Structure formats: C-alpha cells, structure tokens
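Read in order, the letters of the sequence shown correspond to residues 1 to 235 in full-length UniProt numbering.
Glycine included, every Cβ here is placed at the ideal spot set by N, Cα and C.
Keep in mind it's a predicted model, so treat the numbers as computed, not measured.
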Amino acid sequence: MTDGPGRSRPVPGDPSPPATGPSASLRSTIEKAAESERTLTRQGRRTRNQLIVGARKVFEEKGYHHTRIADITAAADTAIGSFYTYFESKEEIFRILLIELENEVYEEPTRLPRDAAPQERLRETNRLYFQSFRRNAALWAVIEEAAMNNDEAREVLSGRHHQSRARTEAALRAWQQADLIPADIDVAFFATALGAMTERCAFLWFVLGEPIDFDEAVDRITEIWVHALRLGPRT
C-alpha cells in the first residue's frame, strides 16, 4: 500500500492512482524533496532533517500561526540562514510535514493477506488510519488550526482532501466493477461523505479526547462504511 509521497488517506482494495495529481504547490514540494534526497550531502540531509524535526516540535508547541522561522532554527540548533538553503518558507516546511504524515500511513505494515475479503481490507484500512491519526494527534491539531487561518495551508489541506477523494472514488468504482457495491451508488458523494466522517471522528476521538475504545472505533466506522455502501457480493 505504499508508492511514494503525495498520497492521502488509504482506501480499501488496490485502486489505480487518481486521475488528477496534487496541487501545483504540493507537487513542487514533492519534487523538491525528491531532488534533495538525490543531491544533498550526508551533512546536508542531516541539517535538513533537523529543521523538519524542529519545525514539527515548534508547530506542535506554538501552533502554526505563532511559529516563526527563527523558532524553527532555534529548535533545530541551526543558523537562520541555513533554513533558506533547504526551504523557501514556513509554508513549504509545513507541506513537507503533511506529506510525511500521509506517507506514514502507507508505510504501516498490513496484517492481512492480499486475498482478504473486502470487509476485512476495509477494517484494516480504518485501523491503520486511526492508528496513525492517534499517534500524530498533536500535529493534526496544528493542521486544523492552520487550515482555518492561512490561505496557503488551506490550499495544501484542500489538495490533500482532493487526493483522498480521488483514491476513494477509484476504489469504489473498482468495487462496482467487481459487483461488490451497487452500480447506482454515487461514488463521488459517498467518497466525500464517508471520508469526511472518518476523519472528523478521528479528530474528535484522538485530538479533542472524546472517550472511545480504539477497537470499537475501528469496528463501528467500518460497519458504517459497509452498510452505507451495501458492500458484499450481489445476489
């Protein structure tokens, strides 16, 4: 379930990549990050990684709006000038953090065989997503704050949601072709609604601290997906 940066929430099955790519700014960040991995020296990569780690620490402590580049370089124990060797702005390093957060979900090892039933794959997808969301709750709080107060951050988050919807739509269409969900389901609407429900529930439980048993959360959300989609072989 991993194939590089720029992806969003994983979806059930093995869908094709979305027809539309990430936004221009997000795509530029992805390409620049890949170029850095190829061209930077070992020391350069170390300094760049220190800045990314420092940025995350400061964002989580101060929030997006109140974080300054000077705060990031202080946390990374580097000179302010070093920041601009690797990043153009606070917005760019924030995009890097978002990309890394998304990639983390795809790097989680699945416990299921590839021939597992669709319902099992869906539950595993939700488990991995909630597991990552819970582990990164502090950063998700920053992402929420950033999207409410900054046009650039909002554009990045919007691009992420667009990618997520596109992937989910691809998965649902594959299920329609396999006769696992009804042909009359509006895949665009269901991808948006079910994805938004899942993400918002994760935010309520793991960021705002609404009490919920983890396994119960996974089971209940999966049940909602299964019933809403009427997932299963057609009779």
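Contacts around residue i, its chain only, beta-carbon distance under 7 Å, and the 5 residues preceding and following it disregarded
{"i": "ARG212", "result": "Note that residue 212 corresponds to Ile in the displayed sequence, not to Arg. Contacts found: TRP205."}
{"i": "VAL142", "result": "PHE59, GLU60, GLY63 and TYR64"}
{"i": "ARG165", "result": "ALA191, THR192 and GLY195"}
The ligand NAD heavy atom lying under 8 Å from the CB of residue i
{"i": "ALA79", "result": "As for the ligand NAD, it is missing from this structure, which has no ligand bound."}
Same chain, Cβ closer than 6 Å to residue i, five either side skipped, listed in chain order
{"i": "PHE87", "result": "ILE93"}
{"i": "ARG173", "result": "VAL187"}
{"i": "GLY54", "result": "ILE72, ALA75 and ALA76"}
{"i": "ALA147", "result": "ALA153, ARG154 and LEU157"}
{"i": "ARG134", "result": "PHE206"}
Residue i to residue j span [Cα, whole Å]
{"i": "ALA117", "j": "ARG95", "result": "35 Å"}
{"i": "TYR129", "j": "ASN149", "result": "26 Å"}
{"i": "ILE69", "j": "ASN126", "result": "35 Å"}
{"i": "residue 239", "j": "LEU208", "result": "The question about residue 239 has no answer, for the chain in this structure spans 1 to 235."}
{"i": "LEU139", "j": "SER158", "result": "17 Å"}
{"i": "ALA217", "j": "GLY232", "result": "21 Å"}
{"i": "ILE80", "j": "ALA202", "result": "36 Å"}
{"i": "GLU144", "j": "SER89", "result": "19 Å"}
{"i": "GLN177", "j": "LEU101", "result": "31 Å"}
{"i": "ARG48", "j": "ARG42", "result": "10 Å"}
{"i": "THR110", "j": "GLU91", "result": "32 Å"}
{"i": "LEU229", "j": "ILE185", "result": "8 Å"}
{"i": "HIS161", "j": "GLU223", "result": "22 Å"}
{"i": "ASP215", "j": "LEU40", "result": "43 Å"}
{"i": "THR67", "j": "ARG45", "result": "23 Å"}
{"i": "GLN119", "j": "PHE189", "result": "20 Å"}
{"i": "ASP219", "j": "ARG56", "result": "31 Å"}
{"i": "ARG114", "j": "ASN103", "result": "20 Å"}
{"i": "ILE99", "j": "ASP179", "result": "34 Å"}
{"i": "GLN163", "j": "ASP151", "result": "18 Å"}
Whole-angstrom C-beta distance between residue j and residue i, which should lie under 8 Å
{"i": "SER82", "j": "VAL105", "result": "Contact doesn't hold; Cβ gap of about 30 Å is too wide."}
{"i": "VAL226", "j": "LEU122", "result": "7 Å"}
{"i": "THR198", "j": "ILE221", "result": "6 Å"}
Cut-off 8 Å between Cβ atoms - residues of its own chain near residue i, not counting five sequence neighbours on either side
{"i": "LEU51", "result": "ILE72, THR73, ALA76, THR78, SER82, PHE83, TYR86, PHE87 and ILE93"}
{"i": "GLU124", "result": "THR110, ARG111, LEU112 and ALA116"}
{"i": "ALA183", "result": "GLN176"}
{"i": "ASN136", "result": "LEU101 and GLU104"}
{"i": "GLU210", "result": "LEU204"}
{"i": "residue 320", "result": "Any property of residue 320 remains undetermined from this structure, which presents the chain solely from 1 to 235."}
**Prompt:** Going along the chain, which unbroken runs of the alpha helix (DSSP H) with 4 or more residues stay wholly within the region 109-153?
**Reply:** 118-135 and 137-149
**Asked** In chain order, which continuous runs of the alpha helix (DSSP H) of length 4 or greater are located wholly inside the region 38-112?
**Response** Listed in chain order, the complete alpha helix (DSSP H) runs (minimum 4 residues) inside the region 38-112 are 42-62, 69-76, 80-86 and 90-107.
**Request:** Give, in chain order, every unbroken run of the alpha helix (DSSP H) that is at least 4 residues long and sits entirely within the region 163-192.
**Result:** none
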